[in-house]
Amino acid sequence: MNILLLTIPVALALGLFFLIAFLWALRTGQFEDLDGAAHRVLLDDDVGEDDENKPDFLKD
Amino acid sequence: MNAHARDWSAFVTPSREEGVCRLDLAVEGITCAACMVQIEKGLGAQPGVSKARLNLTSHRLALEWRPDETDAGTVIDVLESLGYRAHPFDPGRVDEVEKVESQKLLRALAVAAFSSMNIMLLSVSVWAGNASDITSETRDLFHWISALLALPAAAYSGQTFYRSAYHALRTGRLNMDVPITIGVTLALALSVMETFNHADHAYYESAMMLLFFLLIGRWLDHNMRRRTRSFAENLMALRAESALVIEPDGSLREIPVSRVAEGDRVLIRPGERVSVDGIVEDGNSEIDQSLVTGETLMVATGPGTSVYAGTLNAGGQLVVRVSAAGKGTLLDDVNRLLDNALQAKSRYMHLADRAAALYAPLVHGAAALSFAGWWLAGIGWQPALVIAISVLIITCPCALGLAIPAVQVVASGTLFRHGILLNSGDGIERMARANTVVFDKTGTLTAPEPAIANAADCPPGTLAAAARLALSSRHPLAAALAHHAGRAEPFAGVEEVAGEGVRVVIDGTELRLGSPAFCAAEAEARAIAERYPLASLVAWRAGERSPMVFAVDQSLRPDAAAVVAALRERGLAVEILSGDREESVASIAAALGVSEWRAAQRPADKIAHVEALRAAGRSVLMVGDGLNDAPSLAAADVSISPVTAVHVSQAAADCVFLGERLGPVVAAIDVSRRAHRIMRENLWFAALYNTIAVPLAVAGLVTPLIAAAAMSGSSIVVTLNAWRARLGRAGLGDDVDSRQA
Chain A
8 MNILLLTIPV ALALGLFFLI AFLWALRTGQ FEDLDGAAHR VLLDDDVGED
58 DENKPDFLKD
Chain B
-12 MNAHARDWSA FVTPSREEGV CRLDLAVEGI TCAACMVQIE KGLGAQPGVS
38 KARLNLTSHR LALEWRPDET DAGTVIDVLE SLGYRAHPFD PGRVDEVEKV
88 ESQKLLRALA VAAFSSMNIM LLSVSVWAGN ASDITSETRD LFHWISALLA
138 LPAAAYSGQT FYRSAYHALR TGRLNMDVPI TIGVTLALAL SVMETFNHAD
188 HAYYESAMML LFFLLIGRWL DHNMRRRTRS FAENLMALRA ESALVIEPDG
238 SLREIPVSRV AEGDRVLIRP GERVSVDGIV EDGNSEIDQS LVTGETLMVA
288 TGPGTSVYAG TLNAGGQLVV RVSAAGKGTL LDDVNRLLDN ALQAKSRYMH
338 LADRAAALYA PLVHGAAALS FAGWWLAGIG WQPALVIAIS VLIITCPCAL
388 GLAIPAVQVV ASGTLFRHGI LLNSGDGIER MARANTVVFD KTGTLTAPEP
438 AIANAADCPP GTLAAAARLA LSSRHPLAAA LAHHAGRAEP FAGVEEVAGE
488 GVRVVIDGTE LRLGSPAFCA AEAEARAIAE RYPLASLVAW RAGERSPMVF
538 AVDQSLRPDA AAVVAALRER GLAVEILSGD REESVASIAA ALGVSEWRAA
588 QRPADKIAHV EALRAAGRSV LMVGDGLNDA PSLAAADVSI SPVTAVHVSQ
638 AAADCVFLGE RLGPVVAAID VSRRAHRIMR ENLWFAALYN TIAVPLAVAG
688 LVTPLIAAAA MSGSSIVVTL NAWRARLGRA GLGDDVDSRQ A
């Protein structure tokens, strides 16, 4: 049963971590525009013309 | 004349960042993500703009800039050159309160989710352990951890319910939140007690799951309402209500209407809507009051006469001194009647509250009886209390608490897709019960803008040429003609003859558009006036050829007749109440086949008639747009107004419909009736569930496992049933997608 003393705090800590992450996201306005966020992820305007990080399929 | 400064300062707020200004704009014409990119890149490239972020959900643009490098006017001009019209929000009206409320609900939901999931993890272990080999020490440990998670989480995330229950009890009412609060509190208290007693069962997960499910319902409900409201606010802002104020030094300044003070002098140019109430100081004109009184004839105004916000200046330029509504004016009348109507409006008892009023005493009574029964049967007060509380938990108001909000969320989403914005959630219930529809005529049954009545008799070339010339005039009658111009460019070098019309010389031929006298068309005008006795006339002459006279008249909305027929088919009586003249109302009523109509109704007459109908046991749906309709919109059981209506009426109405067509009225009735039926089904399901669950609980057979399964099962059934409100056809089948309207 000793393993319980480890797993329960770990489970709770993980849950708490995600709760705090969610509250942080909420506070910083990341749930303000769900439609916009869905489209912004597809925009490649953060990748410059001669950007080294450009994925292969975007290179000419 | 146009050289005046647009004054945005009233809308600009200082940003959190030092030396940066902020402005929130409603932007029109956004259809997809490409627009978002175009706007953000276009504005971001402007010098001085530090932030331009478009919210694609609400179609609002947050703009920040450094005032020493650029100004609001420049940025908005750039936006317009990109092809998007924008209008700022009053910073005070931005829905900060709503946003805070929504975030609070979401935080509560997250906490409840975290806590209920972890407790469930522990509870499942206990249930499994109880069936096999868990030691009582381990079980106690699990129960204590659950308590540690549940108590603070319930205290935090249940606040919405506790507060609402407290308010209800203090005013001597019962709502759904009362049994919810009692259920949660007792379940937690019992669990702590049982944990102390090293018992096999505790009910932490039931309490937390109840809060979790109900918070989902609350949040969805709140979110849907916030979304429709922010959409309505965008429409409001885009109507760009500003006034041209004459400064003491004679210069002109355009400011938002909300910033106009009493005593200011406001310039109203020909063809503009009057934006304020006041007394004319200078200038003579004709005023179209149809949006205010329903009267379609123009009224002559001069120095000393009153004008009202919402009327249209058809003639010359006016200078108006802004005044508050004086005693005995129409506006004063309307305000007084509106106040009375809002006070007298009997507090409609929501279906959910009626269900709660029935449910709460019944269930609490059953719990008390089972406590008394078991105690008298001699099992001791503690086990008896456990059984009594398990009755309260199993009859958990979970299904009942979700039964109605879930349907409201789905139904208001469906209404939104049909072009109807719902102002009040219980509007659906009241709409479903309506059996009499009272229409206003002007602007409601008829289109908000007049149209050419004899367009079919005109040679197409003539109509197109006249329409092209009409583009150069600000007169409202010319606006009706200008609709026929299509994509034509206005003529160059058009000359306006004040009070007469417009003229231009093209290839040596003089073209004239204006009053019949201006075009020497009196004879033709008499002939047309005989055929269209109610119309206003506009004449057209090209050189020496015979002139043409157009009759400009109110036109019915394209589907008005179909809507009246569809309403009758659904068993609703249809009436017309108009402030307009008798002849004018009679012809519309005849065209629609409505026999119950009244003309020349003042606001007090309208409200009296609506109240008489209600006294006769009718449930009245009022559809109207004018200032004179506002009191009767508030007095009716339920009300709808078109999006072109004046502010006061839109605020008094339960919902607002978009677009040219009247069809959404039928859709509103269909969707509401279906939603109401589903709400009742859900309530019956909850009742049926309780008649099975209560005897089990009273017999002392309910374990936490059964409670959890029953609770989730019943919640899922009512939620799935609520989705049926989306299905099926509603209205005339010509749905407008409101996002494109």
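Just so you know, the protein sequences line up as chains A and B, in that order. Heads up, the first sequence is in this note's numbering, so the first residue is 8 and it goes up one at a time. Heads up, the second sequence is in this note's numbering, so the first residue is -12 and it goes up one at a time. Built from N, CA and C at the ideal position, the CB exists for glycine as well. Predicted, not measured: the structure shown is a model, and the values here were computed from it.
Note on geometry: alpha-carbon atoms of residue 149(B) and residue 711(B) lie some 31 Å from one another. Exclusion of the five residues before and after residue 392(B) leaves 204, 208 as the residues of its chain whose Cβ lies within less than 6 Å of its Cβ. With a cutoff of 8 Å on beta-carbon distance, residue 422(B) and residue 558(B) are scored as near each other. Residue 644(B): member of the beta strand (DSSP E) spanning 642 to 644, first to last residue. In this structure, residue 298(B) sits near residue 261(B), with a CB-CB distance shorter than 8 Å. At a cut-off of 8 Å between beta-carbon atoms, residue 42(A) makes contact with chain B. At least one CB of chain A lies nearer than 8 Å to the CB of residue 44(B). As a beta-bridge residue in DSSP terms, residue 49(B) pairs with 11(B), 40(B). Exposed is the label assigned to residue 14(A), since fewer than 16 other Cβ atoms lie within 10 Å of its Cβ.
The C-alpha of residue 38(A) is placed about 45 Å away from the C-alpha of residue 281(B).
Assignment of residue 265(B) by DSSP, reduced to helix, strand and coil, places it in the strand class.
In the structure shown, residue 275(B) falls within a strand segment according to DSSP collapsed to helix, strand and coil. Pairing residue 550(B) with residue 650(B) gives a Cβ-Cβ distance under 8 Å.
Comparing C-alpha distances from residue 32(A) to each of 71(B), 210(B), 94(B), 136(B) shows the shortest one belongs to 94(B). Around the C-beta of residue 215(B), 16 or more other C-beta atoms lie within 10 Å, and the residue is accordingly described as buried. Following the DSSP letters along the chain, one finds residue 65(B) in no beta strand (DSSP E) but inside the alpha helix (DSSP H) bounded by residues 59 to 68. Counting other Cβ atoms within 10 Å of its Cβ, residue 385(B) reaches 16 or more and is therefore classed as buried. Residue 101(B) has a beta carbon lying within less than 8 Å of a beta carbon in chain A. For residue 392(B), the enclosing alpha helix (DSSP H) begins and ends at 385 to 404. Distance from the CA of residue 483(B) to the CA of residue 436(B), rounded to the nearest whole angstrom, comes to 23 Å.
For residue 562(B), the CB contacts under 6 Å within the same chain, skipping 5 residues up- and downstream, are 425, 583 in chain order. Annotation: residue 365(B) is outside any alpha helix (DSSP H) and is labelled neither H nor E by DSSP. Around the beta carbon of residue 184(B), fewer than 16 other beta carbons lie within 10 angstroms, which makes this residue exposed. Taking residue 344(B) as the centre and dropping the five residues before and after it, the same chain places the C-beta of 161 closer than 6 Å to its C-beta, in chain order. Counting C-beta pairs closer than 8 Å gives fewer than three between the stretch 516 to 524 of chain B and the stretch 491 to 501 of chain B, which falls short of the contact rule.
Relative to residue 165(B), the option among 180(B), 145(B), 102(B) whose CA is nearest is 145(B). Take residue 370(B), set aside five residues on each side of it, and no residue of its chain has a beta-carbon closer than 6 Å to its own. For residue 416(B), the closest of 376(B), 405(B), 657(B) by C-alpha to C-alpha distance is 657(B). At a cut-off of 8 Å between C-beta atoms, residue 13(A) does not count as an interface residue with respect to chain B. Take the alpha-carbon of residue 604(B) and the one of residue 660(B): they are about 19 Å apart. Residues 410, 411, 414, 625, 626 of the same chain have their beta carbon placed closer than 6 Å to that of residue 641(B), with the five preceding and five following residues left out of the count.
Runs of the beta strand (DSSP E) lying entirely within the stretch 479 to 539 of chain B and spanning at least 3 residues, in chain order: 482 to 484, 488 to 493, 496 to 501, 523 to 529. If you look at residue 666(B), you'll find it in the alpha helix (DSSP H) that goes 651 to 685. Within chain A, the C-beta atoms nearer than 8 Å to that of residue 104(B) come from 22, in chain order. The beta-carbon separation of residue 719(B) and residue 575(B), rounded to 20 Å, does not stay under the 8 Å limit for a contact. In the three-state scheme derived from DSSP, where H, G and I count as helix and E and B as strand, residue 409(B) is classed as strand.
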